[in-house]
Amino acid sequence: MDSNSADLVTQSNRLVEASYRLTLTEQQLVLFAVVQGREEDKLLPKNETITVDARDFAAKFKLAPNHAYEMLKEACDHLFERWIQIEDTHPKTGLRRVVKTRWVSDVAYVDGAGLVEFTFAKKVVPYITRLEKEYTQYRLEKIGHMRSVHAVRLYELLVQYLTVGKRTLGIEELKEILGIAGEYKAIKDLKKRVIDVAVKQINDHSDIRVKYEQKRTGRFVTDLIFDIKAKGEKKPTTQKKEAKNLKVDREYVEKYALPGESYDVAYRRLLEKAGQKPLVFEEVE
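Just so you know, we're using this note's numbering here: the sequence shown kicks off at 6 and counts up by one.
In C-alpha cells:
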C-alpha cells in the first residue's frame with residue numbers, strides 16, 4: 006500500500022451500526038483491506054481478491070513484523086467463519102429487512118512471502134463502498150494505535166455524529182452492536198471493562214474527544230449520552246489572497262475533510278471557505 010495515500014476508510018453507516026464481533030486484528034484487517042481495495046479499485050464492481058502484505062500491515066498498526074504474518078493468517082481463518090447482521094429496507098415492500106452474510110467468500114496464504122489474500126463476500130461489498138448516500142469516512146491512522154476493538158467500534162459510532170456533537174446510545178443497543186449482548190449485566194462492569202477503556206483510547210489516539218454521562222429510567226441506567234468534539238481542524242496554509250486560485254480537488258478535500266464528514270459536504274465547505282462557487286459540483290462516487 007502506498008504510504009502517501011490518504012488511507013480513508015469509507016463504509017456505509019448501516020455497516021458501522023451492524024451487529025458483529027471481531028477481534029482487534031480482524032477489525033484492523035477489514036479496515037486495512039477497505040482502504041487498499043478502494044485505492045486499487047478492486048471492490049466495486051470488480052470485487053477482486055485483495056492481497057495484504059504483512060510488512061505493510063505491521064507498519065500501519067505498529068506491530069512486530071516477525072509476528073504480523075502469523076497474526077494475519079489466524080485473523081483470516083477466523084474471518085472466514087465470521088458473519089455479520091445488517092439491517093436495511095426490503096426494496097419491494099419497504100419493510101425492515103435483516104440480512105446475515107459472511108465477511109469473506111475465500112481466504113488464502115502465501116507462506117514465504119508474508120502475504121494473505123481474500124475476497125469480500127458479495128453482499129458486504131456495497132456497504133464498504135460509496136454506493137449509499139450516507140457513509141462514515143475517517144483516516145485509518147486515527148484508529149491505528151487503539152488496542153481495544155470496542156474503542157474502534159465506538160469511534161466509528163461517534164464520529165458519524167461529530168457535526169451534531171452528541172449521540173445517545175441505549176445500553177442494550179450498544180451491547181448488541183458491539184457483539185456483547187448478554188454480557189456485562191452490571192453497568193459498572195460494562196463501564197469499567199468496555200466503555201471507559203474505549204473512551205480513553207479514543208481520547209488518547211484519535212482526532213476526536215469524547216465524554217459521556219448516564220441516563221436513568223427509574224432506577225436503571227438505560228442510555229449513555231456521548232459528547233463529541235473534534236480536537237482541531239487542520240488549517241490550510243494558503244494565504245487569503247491566494248484562496249481564489251486554490252485548487253479544491255479530491256486530494257485537497259480528503260486532506261482537510263473533518264472526521265465523519267462526507268466528501269460532498271467537505272467539498273462544499275472548503276469551496277465556500279476559499280470563496281469559490283462551482284458551476285457544477287463534483288460527482289460523488
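Even for Gly, the Cβ is constructed at its ideal location relative to N, Cα and C. Every value quoted in this text rests on a predicted model; they were computed, and no experiment measured them.
Thinking residue i and residue j are a contact (beta carbons under 8 Å), I'd like their distance in whole angstroms, please.
| i | j | result |
| --- | --- | --- |
| Ala156 | Gln219 | That pair is no contact at about 19 Å. |
| Asn52 | Thr124 | 7 Å |
| Leu120 | Thr56 | 6 Å |
| Tyr25 | Ile89 | 4 Å |
| Leu229 | Leu179 | 7 Å |
Which two residues bound the contiguous alpha helix (DSSP H) that contains residue i?
| i | result |
| --- | --- |
| Thr30 | 29-44 |
| Ala64 | 59-65 |
| Asp201 | 201-210 |
| Arg181 | Note that residue 181 corresponds to Glu in the displayed sequence, not to Arg. Residues 176-183. |
| Ala73 | 70-86 |
| Glu259 | 255-261 |
When you compare the CB positions of residue i and residue j, do they come within less than 9 Å of one another, or not?
| i | j | result |
| --- | --- | --- |
| Leu77 | Val154 | no |
| Ser211 | Tyr160 | yes |
| Thr173 | Phe231 | yes |
| Arg144 | Val39 | no |
| Arg107 | Leu27 | no |
| Val204 | Tyr189 | no |
| Arg214 | Lys234 | yes |
| Glu22 | Glu92 | yes |
| Glu256 | Ala271 | no |
| Gln33 | Phe66 | yes |
Quick one: give me the first and last residue of the beta strand (DSSP E) that residue i is part of.
| i | result |
| --- | --- |
| Ala156 | Here Ala156 belongs to no beta strand (DSSP E); instead the alpha helix (DSSP H) covers 154-164. |
| Glu122 | 120-125 |
| Ile111 | Contrary to the premise, residue 111 reads as Asp rather than Ile in this sequence. Per DSSP, Asp111 belongs to the beta strand (DSSP E) from 109-115. |
| Val21 | Run containing Val21: none in the beta strand (DSSP E); it sits in the alpha helix (DSSP H), 18-21. |
Kindly identify the DSSP beta-bridge partner or partners of residue i.
| i | result |
| --- | --- |
| Ile148 | In the DSSP output, where bridge partners are listed per residue, Ile148 has none listed. |
| Phe231 | Arg172, Tyr217 |
| Glu92 | Val103 |
| Gln281 | Bridge partners of Gln281: none, in fact. |
| Tyr189 | None, per the DSSP bridge assignment. |
| Glu143 | Strictly speaking, residue 143 in this sequence is Tyr, with Glu absent from that position. Answer by DSSP bridge pairing, in chain order: Val14. |
| Ile55 | Phe123 |
| Thr222 | Phe225 |
Cβ-heavy atom distance between residue i and the ligand SAH below 8 Å?
| i | result |
| --- | --- |
| Gly170 | By its list of ligands, the structure shown contains no ligand whatsoever, and the ligand SAH lies outside what it can speak to. |
| How do the stretch 183-202 and the stretch 122-135 stand: do at least 3 beta-carbon pairs fall below 8 Å, yes or no? | no
| Are the stretch 171-187 and the stretch 61-68 in contact at 8 Å, needing three or more beta carbon pairs? | no
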